[in-house]
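One structure is given below, encoded as structure tokens.
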Amino acid sequence: MRRHSLNIAGKMIVTTGLVQVVMAACLLYVVFEIGRSSEEIRRQAQSLQRLEHANNAYGRFLELRYWLSDTAVSWQRESEEESQAQLERLQQAMADLEQTDAEAVRGLRPLVDEYVTTMRKAIDAYIQENRVLGNAHASRALGSAQALDQGLAGILSQAQAEAWRAGKTVIGSNAWVRNFALFLLAISLVVGVVISVTLSRRLTRPLRRTVEVLRAVASGDLTQRLEVKTDDELGLLAQALNETVEGIRTAIEVDQVDWAEIAAQRRREKEHAETNRKQAQELKAALEGVRQAGQREREQSRRLREKVDQLLAVVHQASRGNLTEQVPVSGDDAIGKMGEGLASLLEDLRRSIRDIASHSESLSSAAGGLAQISQTMTRVAHGSADKTVTVNGAASEVRDHLAAVSSGTQEMSAAIEEIAKNVHQATAIAGHAAERSQQANALIDKLNESSQEIGNVVAVITAIAEQTNLLALNATIESARAGEMGAGFAVVAAEVKDLARGTARATKEIEERISKIQEDTSAAVEAISGVCSIIEQINQYQSSIAAAVEQQTATTVDISGSIEKAARVSREMVQNVEAVAEASQQTMNCANETQSAARLLIEMASEMHDVVGRFQYQN
0 MRRHSLNIAG KMIVTTGLVQ VVMAACLLYV VFEIGRSSEE IRRQAQSLQR LEHANNAYGR
60 FLELRYWLSD TAVSWQRESE EESQAQLERL QQAMADLEQT DAEAVRGLRP LVDEYVTTMR
120 KAIDAYIQEN RVLGNAHASR ALGSAQALDQ GLAGILSQAQ AEAWRAGKTV IGSNAWVRNF
180 ALFLLAISLV VGVVISVTLS RRLTRPLRRT VEVLRAVASG DLTQRLEVKT DDELGLLAQA
240 LNETVEGIRT AIEVDQVDWA EIAAQRRREK EHAETNRKQA QELKAALEGV RQAGQREREQ
300 SRRLREKVDQ LLAVVHQASR GNLTEQVPVS GDDAIGKMGE GLASLLEDLR RSIRDIASHS
360 ESLSSAAGGL AQISQTMTRV AHGSADKTVT VNGAASEVRD HLAAVSSGTQ EMSAAIEEIA
420 KNVHQATAIA GHAAERSQQA NALIDKLNES SQEIGNVVAV ITAIAEQTNL LALNATIESA
480 RAGEMGAGFA VVAAEVKDLA RGTARATKEI EERISKIQED TSAAVEAISG VCSIIEQINQ
540 YQSSIAAAVE QQTATTVDIS GSIEKAARVS REMVQNVEAV AEASQQTMNC ANETQSAARL
600 LIEMASEMHD VVGRFQYQN
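Following numbering that gives the first Met the number 0, the numbering of the sequence shown begins with 0 at its first residue and continues without gaps.
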């Protein structure tokens, strides 16, 4: 039974189409997922940019608070200029942050202006030695600073959370793309190998069997046949070859039988001619007188010899390959019947040679068709190789894009490391400021203790003055009792009393001034304690920022590693595409072998045509 199937070109087109459809589907999905990954990476970059702007704004705000506090304590122009520079940097940082958090930044700008204005009023009050007013302004500025600190810290926390989520999304997306791409690649390779092996076996096995049969026929074995199972070009070739071999075998068998009969006829003719000659001699010897009968017999013998000569001439032409000669002898006698048999033999031989020539042309045409099919296979294989080169270029481009993204991630990691370095430096500066504030606090504590000791001395002087005043009062009373004898002593007592009163007044004024100094010292202690607390908070915030930056650095390193894995996957994809190109090259090699087999068939058909060409069977 023959199975209905496509021709070889159809099989090649279907096979190549299936492989290309599978590869195209895989590549389209990979490109789609890479596009999604690129979108996630873009979002990650935006999140990191927002985090960088928020971190920059928060750091500038801490620098501004530090330099404004330093200006309020030291009253130095350098601190004032640095605070103004930090204010400009903070405004620039908030302008950058406004690109992603416009509403939040618009709410924070009035707080910045209020904080800077209030702190400058506090600095002016401190310069005018109005500590009470300066402390009031500083307290209000502290409220604005805390509100501003909370706002910036909230934006920074949101940016960190968003960057973390974006990083997790990118890592998950890259892992999914890598795993599914490997799965699709494995499926496409298995499908391509199965289809290629199946098609190769269906093409090479019949061709190998055809070559074996042709070689057997060339060596003289006409019993070989090809099994016809398909309706494609190979089936048609097998059918044509079977018909050709059958025709050759039939022609050779007929040729052998006819030539044997001709040899027998020739022997019979020779025997008959010898018999006639003997009879003629006997008749000539026996019937000398019967001349007329002899002449008639000679005439018959001559005619018989002419017929035999004509038959021999036709046989001679046939032996030289000329089968176009017609047998002119016919009749009811033996020679006539022999001539008719020879004519029938030559007609059958001409028909067989004609069929052999036709079959040789069919074989040559089939071999030419096989050559064209192999050429089509070569063109299709070349087209597949060209498309494989195109796919290889696209995969290389994807690999280059991933390398660029990896380079950008490394640059971003370097920028984050620079930010971490600056944050560590700011932390060190804040620690140094805290140490300076603690030293100043210790000095003011000592000043407070000294003012208390002065108060104690003043209290002793006050007690002495009161005792002196009491003694002067007693001396005045005693001088009044003594009368004129105590007048001089009364004058001295009055002077002592005046001195005691002056001492008491001076002591009271000193006490008032010491009390005011103690109040101012206490206020300074409280202010410096507040500054120490603020600097400690700044130090803590800087530590938190440093930890967050280190965490972001680790996240960036993970992202860089994921992108490097994606680049490695793209390189593997390029290698797999190159493997497909090698498979296409093998297909082209198979097509070349098919062309060689077709050329061999053409040569065999040409030799068969040459053999047939030695016979002339048409006028």
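For glycine and all other residues, C-beta sits at the position ideal for the given N, C-alpha and C.
A quick note: this is a predicted structure, and the numbers were derived from the prediction, not measured.
Output the boundary residues of the alpha helix (DSSP H) element that contains residue i.
i: Gly106; result: 101-126
i: Ser82; result: 76-96
Would you mind sorting residue i into buried or exposed? The rule is 16 or more other CB atoms within 10 Å of its CB.
i: Gly191; result: buried
i: Gly16; result: exposed
i: Thr99; result: buried
i: Arg214; result: exposed
i: Gly133; result: buried
i: Glu62; result: buried
i: Val193; result: exposed
i: Trp66; result: buried
i: Val216; result: buried
i: Ile247; result: buried
i: Val13; result: exposed
i: Arg41; result: exposed
i: Val104; result: buried
i: Val244; result: buried
i: Ser156; result: exposed
i: Gly34; result: exposed
i: Arg164; result: exposed
i: Ser82; result: buried
i: Ile154; result: buried
i: Ser187; result: buried
i: Phe60; result: buried
i: Arg64; result: buried
i: Leu623; result: Residue 623 lies beyond the stretch modelled for the chain, which goes from 0 to 618, so this question has no answer here.
i: Val30; result: exposed
i: Val20; result: exposed
Can you give me the Cβ contacts of residue i inside the same chain, cut-off strictly under 7 angstroms, excluding the 5 residues immediately before and after it?
i: Leu225; result: Arg208, Thr209, Val212, Ala237, Leu240, Asn241
i: Val289; result: Low confidence applies to Val289: its pLDDT is 47, below 50, so where it sits in the model is not reliable enough to give any reading.
i: Leu50; result: Ala158, Gln159, Ala162, Gln551
i: Ala56; result: Leu89, Ala92, Met93, Leu96, Leu151
i: Glu79; result: Thr70
i: Gln85; result: Arg59, Glu62, Leu63, Trp66
Can you list, in chain order, the residues of its chain with a C-beta nearer than 6 angstroms to that of residue i? Leave out the 5 residues immediately preceding and following it.
i: His52; result: Asp95, Leu96
i: Val256; result: With a pLDDT of only 46 at Val256, under the threshold of 50, the placement of this residue in the model should not be trusted; the figure read from the coordinates follows. Around Val256: no qualifying Cβ.
i: Gln325; result: none
i: Phe182; result: none
i: Arg267; result: none
i: Lys120; result: His136
i: Gln223; result: Val212, Ala215
i: Ser46; result: Glu161, Ala162, Ala165
i: Met118; result: Leu67, Ala140
i: Glu113; result: Ser143
Which same chain residues, not among the five before or five after residue i, have their C-beta less than 8 angstroms away from its C-beta?
i: Leu110; result: Ser143, Ala146, Leu147, Gly150
i: Trp74; result: Ile122, Tyr125, Ile126
Between residue i and chain D, is there a C-beta pair that is closer than 9 angstroms?
i: Ala23; result: The structure shown contains no chain D, having only a single protein chain.
The ligand GDP and residue i: does any heavy atom of the ligand fall closer than 8 angstroms to the residue's C-beta?
i: His136; result: Ligands displayed in this structure: none; no statement on the ligand GDP is therefore possible.
Suppose only complete runs of 4+ residues qualify. What are the alpha helix (DSSP H) ranges in the region 173-199, listed by chain order? none
If we require 4 or more residues per run, which alpha helix (DSSP H) segments fall completely within the region 133-174? none
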